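Numbering (my numbering), first residue to last: 86 to 412.
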């Protein structure tokens with residue numbers, strides 16, 4: 086498979102921009118201010134319609150701390166978006182965990198890429214959970230975020246490493262994305278699954294940005310995670326984000342597998358976490374904490390070789406402030 090360099094082609098061809106990393110020493114957070122929690126169990130979450138959920142209603146099993154920045158209602162209704170296609174092309178479903186009887190998980194399944202790409206002769210496929218808070222209460226602004234969830238890549242996901250096509254447009258599926266938009270300035274941070282080293286999957290993250298009227302996203306920073314992630318095995322991913330410039334912005338990602346005694350820091354960035362051309366800070370405006378977004382190169386390669394691009398999520402929770410020690 087074509088390796089790490091291909092990720093930037095989705096943003097803008099021909100440029101690679103790295104970033105300075107911080108000095109984060111992992112400290113396990115307590116339940117300091119968790120404001121949302123779900124295990125996707127029947128008593129905690131339900132989705133409609135059955136064959137391809139476009140809405141999930143959560144009971145929210147978190148404690149009742151006083152939120153610092155945003156308020157999450159109880160129950161909370163959120164939507165799943167696909168941007169085209171039908172249930173036999175893609176779906177999100179809450180199902181029984183294939184690896185543990187009695188446990189329920191959120192399952193994303195993507196067989197056909199049906200979304201025309203805007204500037205290349207390709208198609209994309211999308212299944213994403215839109216977790217927004219705009220309108221929940223007046224004045225809600227999220228300037229920090231901590232999230233934790235378990236993730237399991239279906240065995241078919243590993244088939245992406247066998248891709249040997251001559252077309253290297255966007256070969257890294259995205260599984261998580263944060264959006265910072267306001268005042269005509271947009272930016273986004275995406276987390277991707279990549280094969281940076283032969284036969285090894287890792288996570289990478291990048292910030293890209295654009296201004297009103299621009300069609301092309303420009304690259305900000307880009308970094309490769311230092312920890313291998315497993316296939317067909319649960320691992321825990323933590324994400325920390327703080328609104329800030331090159332001095333105050335933070336983005337941290339940790340991974341813990343079943344073989345790890347504690348989480349390992351995979352990505353640690355001290356840099357802009359919103360559009361660097363903005364005259365004012367921009368808070369988090371939209372969030373896709375569970376996402377499966379990929380090109381026809383990967384989606385159809387896996388399909389044509391008898392598989393389907395799939396991912397599972399479980400035990401999802403987040404706070405609207407960073408834990409102590411994560412700053």
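Virtual Cβ for every residue (Gly too), placed ideally from N, Cα, C. Just so we're clear, the structure is a prediction, and the values are computed from it rather than from any experiment.
Unbroken beta strand (DSSP E) stretches of 3 residues or longer found wholly inside the stretch 303-338: 303-313, 320-327, given in chain order.
Straight-line spacing of the CA atoms in residue 302 and residue 133 works out to 34 Å.
Minimum Cα-Cα distance from residue 172 among the listed residues 136, 410, 184 corresponds to 136. If you draw a straight line from the Cα of residue 291 to the Cα of residue 124, it comes to about 28 Å.
Per the coordinates, the alpha-carbon of residue 117 lies some 29 Å from the alpha-carbon of residue 309.
Taking a contact to require three or more Cβ pairs closer than 8 Å, the stretch 204-216 and the stretch 364-375 qualify as touching.
Exposed is the label assigned to residue 285, since fewer than 16 other Cβ atoms lie within 10 Å of its Cβ.
Contact annotation: the stretch 336-352 does not touch the stretch 382-394, with fewer than three C-beta pairs closer than 8 Å.
Annotation: the stretch 228-292 contains the following complete segments of the beta strand (DSSP E) (minimum length 3 residues), in chain order: 229-238, 259-267, 270-282.
At the C-beta level, residue 239 and residue 322 stay beyond 9 Å of one another. The Cβ neighbour count for residue 159, taken over all protein chains shown within 10 Å, is under 16; the residue is labelled exposed.
Residue 121: not part of any alpha helix (DSSP H); member of the beta strand (DSSP E) spanning 119-123, first to last residue. In the DSSP assignment, residue 212 falls within the beta strand (DSSP E) that extends over 208-215.
Restricting attention to 204, 331, 380, the CA atom closest to the CA of residue 299 is found in 204.
In this model, residue 386 and residue 255 are separated by some 13 Å (Cα to Cα). If you look at residue 175, you'll find it in the beta strand (DSSP E) that goes 175-181. Selection 138, 378, 338 evaluated against residue 112 yields 338 as nearest (Cα-Cα).
Check the Cα spacing between residue 270 and each of 206, 360, 110, 126: the tightest is with 360. Within the stretch 337-380, complete beta strand (DSSP E) segments of at least 3 residues are found at 349-355, 371-373, 376-380, given in chain order.
Burial is judged here by how many other beta carbons sit within 10 angstroms of a residue's own beta carbon; residue 149 has fewer than 16 and is exposed. In this structure, residue 265 places its C-beta atom within 9 Å of the C-beta atom of residue 367. In the DSSP assignment, the residues bridged to residue 143 are 130, 161.
Assigned with DSSP and collapsed to three states, residue 172 falls in coil, not helix or strand.
When rounded, the separation of the alpha-carbon atoms in residue 289 and residue 128 is 34 Å.
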